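Numbered by this note's numbering, the letters in the sequence shown go through residues 1405 to 1697 in order.
Idealized CB from N, CA, C, for every residue including glycine.
Fair warning: this is a prediction, and the values are worked out from it, not measured in the lab.
Let me begin by presenting the structure, written as structure tokens, before commenting on it.
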Amino acid sequence: GFTHMDSKVSHQATWKKSVTEVYAAASVSQSWTPILKEECDKVGIDFFTSPYDYDSIEHVNPYIPAFKAGSGEIDWIEALEHMASKGKPMIIACGAADIADVQRAVQAILKINKQLCLMQCNTNYTASPDNYDHLHLNVLKTFSVMFPDVILGLSDHTHSVAPVLGAVTLGARMIERHFTDSNDREGPDHKFAMNPENWAKMVEETRLLERSFGSSDKFIAGNEQQTKVVQRRCLRAARDIKAGEVFTRDMIDVLRPATPGAIKPHEIENVIGKKALIDMPLGKELRWTELGS
């Protein structure tokens, strides 16, 4: 593995240590697993951890509600199948992968386990503003057509809330981002991770977006009823009209407000030629009950 690489080699140019050294510094004992699970239970959040070998798959299985496979495992089909065989929901990210990689992995998992979330991902941990150009959220459209029964998600390493909102709009129902209590901490992930304030903002904006989706049917909303009256128009008498007069176009004005029950502007052609059944003063709204043939 990485131990056979030169000590200065790293897949992140900004890292000051080798991959082996960075990973070793971030590693924790498996004895932490039940402790972390217990703490998560206390505060009411699900405990998650991604296993990266067979021993870890077996170790975490009793503690996790679902398996999350990182992007690096997308072509390790044996490991994906082993996780899928546990019968728990599967989550897989697909950073640094092409569509053939994704199809292979998804098809392998679905043969065993139908509970799958596929997360679009761009695997780059530099926090560079240029990363937004590489998110390709529109891939979610491709996934929705290609895998109609798969839940979609986004695994993202940028700062802004915008990609999350875009992904949710395109059908994502699960979001993964790095979290830290302070962006000033030392370590490779803290700079691009979300702090508590930004995390709360992300959730708040996402919930507002979800509320905004509403219905796919177009209708006059409940909070538009008064607006409908004020901003729309109805047909009105353009002068004093005597009972028995036959309407011509010049006898009709199209004016606000749209009094409930009045004749609407798009019906004006049907009014021309009708007879007034009552006297109508200038400005009175026209009603079908007051017109005759």
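On the DSSP bridge list, what partners appear for Ser1559?
Paired residue(s): Cys1525 and Glu1580.
First and last residue of the alpha helix (DSSP H) that includes Asp1505?
Residues Ile1503 to Leu1514.
Could you check which residue in Val1607, Gly1570 and Lys1595 has the C-alpha nearest to that of His1582?
Measuring C-alpha to C-alpha distances from His1582 to each of Val1607, Gly1570 and Lys1595 identifies Lys1595 as the nearest.
CA nearest to the CA of Phe1452, picked from Ile1468, Lys1545, Ile1439 and Gly1557
Among Ile1468, Lys1545, Ile1439 and Gly1557, the Cα nearest to that of Phe1452 belongs to Ile1468.
Look up Cys1498 in the DSSP assignment and say whether it is helix, strand or coil.
Per DSSP, reduced to three states, the secondary structure at Cys1498 is coil, with no helix or strand assignment.
So Asp1657 is in the beta strand (DSSP E); what residue range does that whole segment cover?
Ile1656 to Leu1659 is the span of the beta strand (DSSP E), which, as asked, contains Asp1657.
Beta-carbon within less than 6 Å of His1561's beta-carbon, same chain only, minus the 5 sequence neighbours each way: which residues are those?
Hits under 6 Å: Tyr1529 and Phe1596.
Excluding the five sequence neighbours on either side, which residues of its own chain have a C-beta within less than 6 Å of the C-beta of Val1634, listed in chain order?
Result list for Val1634: Pro1661, in chain order.
Out of curiosity, what's the CA-to-CA distance linking Asp1553 and Asp1657?
Separation of Asp1553 and Asp1657 (C-alpha to C-alpha, rounded to the nearest whole angstrom) is 56 Å.
Taking the C-alpha atoms as reference points, what is the distance between Thr1663 and Ile1672?
In a straight line, the C-alpha of Thr1663 is about 15 Å away from that of Ile1672.
Give a yes or no on whether the C-beta atoms belonging to Ile1555 and Ala1512 are separated by under 8 Å.
No.
Looking at C-alpha atoms only, which residue of Pro1685, Leu1686, Ala1641 and Cys1444 is the closest neighbour of Val1675?
Taking Val1675 as reference, the option from Pro1685, Leu1686, Ala1641 and Cys1444 with the minimal CA-CA separation is Ala1641.
Inspect the CB distances between the stretch 1624-1632 and the stretch 1644-1652 and report whether three or more fall short of 8 Å.
The stretch 1624-1632, when compared against the stretch 1644-1652, does not touch it at the 8 Å Cβ threshold.
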